[in-house]
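J.:
In mature numbering (1 follows the signal peptide of the UniProt record, and there is no 0), the protein residues as written are -31 to -1, 1 to 296.
(1) Just checking my contact of residue 55 with residue 196 at CB under 8 Å: how many whole Å lie between their CB atoms?
(2) Helix, strand or coil, according to DSSP, for residue 64 in the structure here?
(3) Counting pairs of Cβ atoms below 8 Å between the segment 12 to 27 and the segment 42 to 61, do you hit three or more?
(4) Tell me the rounded alpha-carbon separation between residue 287 and residue 6.
(5) Let me check one thing: in DSSP terms, what residues is residue 225 bridge-paired to?
(6) My parser needs the beta strand (DSSP E) runs of 3 or more residues fully inside the segment 132 to 167; what are they?
(7) Which runs of the beta strand (DSSP E) spanning at least 3 residues fall entirely within the segment 193 to 271, listed in chain order?
(8) Alpha carbon to alpha carbon, how far is residue 222 from residue 101? Give it in angstroms, no decimals.
(9) Give me, in chain order, the residues of the same chain whose beta-carbon lies closer than 8 Å to that of residue -14; leave out the 5 immediate sequence neighbours on both sides.
(10) Could you tell me whether the segment 120 to 137 touches the segment 185 to 194, using the rule of 3 or more Cβ pairs below 8 Å?
(11) For residue 105, which three-state DSSP category applies?
(12) List the endpoints of the continuous beta strand (DSSP E) containing residue 39.
(13) In whole angstroms, what is the alpha-carbon distance linking residue 179 and residue 269?
(14) State the beta-bridge partners of residue 284 as determined by DSSP.
(15) Within a Cβ cutoff of 6 Å, which residues of the same chain sit near residue 111, ignoring the five residues on either side of it in sequence?
(16) Candidates 279, 289, 257, 282: which alpha carbon is nearest residue 28's?
(17) What number of angstroms, rounded off, separates the C-alpha of residue 238 from the C-alpha of residue 63?
(18) Counting C-beta neighbours from all protein chains within 10 Å, is the total for residue 88 16 or more, i.e. buried, or is it exposed?
(19) Could you please give me the residues that DSSP links to residue 179 through a beta bridge?
(20) Counting only the same chain and skipping the five closest in sequence on each side, list residues whose C-beta sits under 7 Å from that of residue 264.
(21) Among 65, 156, 231, which one has its Cα closest to the Cα of residue 175?
(22) Excluding the 5 residues flanking residue 129 on each side, which residues of the same chain have their C-beta closer than 7 Å to its C-beta?
(23) With a threshold of 6 Å on Cβ separation, who are the neighbours of residue 65 within its own chain once the five nearest residues in sequence on each side are excluded?
(24) Ignore the nearest five residues each way along the sequence and tell me which others in residue 160's own chain have a CB closer than 8 Å to its CB.
(25) What do you reckon, are the CB atoms on residue 149 and residue 218 nearer than 8 Å?
(26) On the three-state DSSP scale, how would you describe residue 92?
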């Protein structure tokens, strides 16, 4: 067998190692990862919406902690799945992130075939959380979740509910509630929470599942009842009981955070998480979040990832008896 000669100079292997270290500028062996170009934060929806607001809030607050620009890039289309597909297939080098946690990552892939799966992402940090609330028209007799369940069981299929669209996170949350309660209602999709609320007020549907922000004005005016929130109680409407309070395990919320392609190195994720966490602790972030009516909801990258998987699994279980679209 031929033996290759390494050819170190006469001062030996140790001397060669020292020379190599000096040639690299005495860089430590465990040198930390750092970004080499702007970091793109991809948003699957148009500018001005809730997901876009979250992206711009965290990018603005965190910019001082990064040596490169944080650039928000809007790639709207297909309920956020276009952006998710782009990031799932991006180079896992730490320079491409997705604002995720809601419809595009935990809900839509359970309703229809997508060109990516939740497992193709890893969590960096959760930034905020948003509850959902079920509202009914005042005077309808459906002034509690118990009243809704009772009527739905007495007259199966007679009740209807609206959401901001098919396959979205609000639609999925209601499906989980139906499974937990052993009931079934007719779903009527709308182009947003405001139109769904208007349909409740107009008597076109019996209830809607929307965000507390969409509901607050009409609840305050006494025109609708907020009868239950998903997950735990919402800070905006703390007197409204949660579905958990009523005995239904519906831990679904429209949370938003940053994820990276699954193969992104641990060092890159740790670097970004540390700086985004510092940003969330800053007074500037807290002030802007309050002004934007965004509820901060910090979770570590792993905890965020685990929370998304739990939600996805819960939605999948609720849909186990349904025909999936596009398959």
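Cβ coordinates follow ideal geometry from the N, Cα and C atoms, glycine included.
T.: Well, looking at it:
(1) Not a contact, Cβ separation roughly 39 Å.
(2) coil
(3) yes
(4) 43 Å
(5) 97
(6) 155 to 158
(7) Fully enclosed beta strand (DSSP E) runs of 3 or longer: 193 to 198, 225 to 230, 265 to 269.
(8) One C-alpha to the other measures close to 7 Å.
(9) Reliability fails at residue -14, whose pLDDT of 38 lies under 50, so the model's placement of it is uncertain and the value that follows must be treated cautiously. If we look at residue -14 and ignore the five residues flanking it on each side, it has no Cβ neighbours.
(10) Touching, no, given that fewer than three Cβ pairs across the two stretches are closer than 8 Å.
(11) strand
(12) First-last of the beta strand (DSSP E) with residue 39: 39 to 43.
(13) 27 Å
(14) Its beta-bridge partners do not exist; DSSP assigns none.
(15) 105, 117
(16) 257
(17) If you take the alpha carbons of residue 238 and residue 63, they lie about 7 Å apart.
(18) exposed
(19) Per DSSP, the beta bridge partners of residue 179 are 102.
(20) 97, 98, 99, 204
(21) 156
(22) 154, 155, 157, 174, 175.
(23) 9, 56, 59
(24) Only 133, 134 meet the Cβ criterion.
(25) yes
(26) strand
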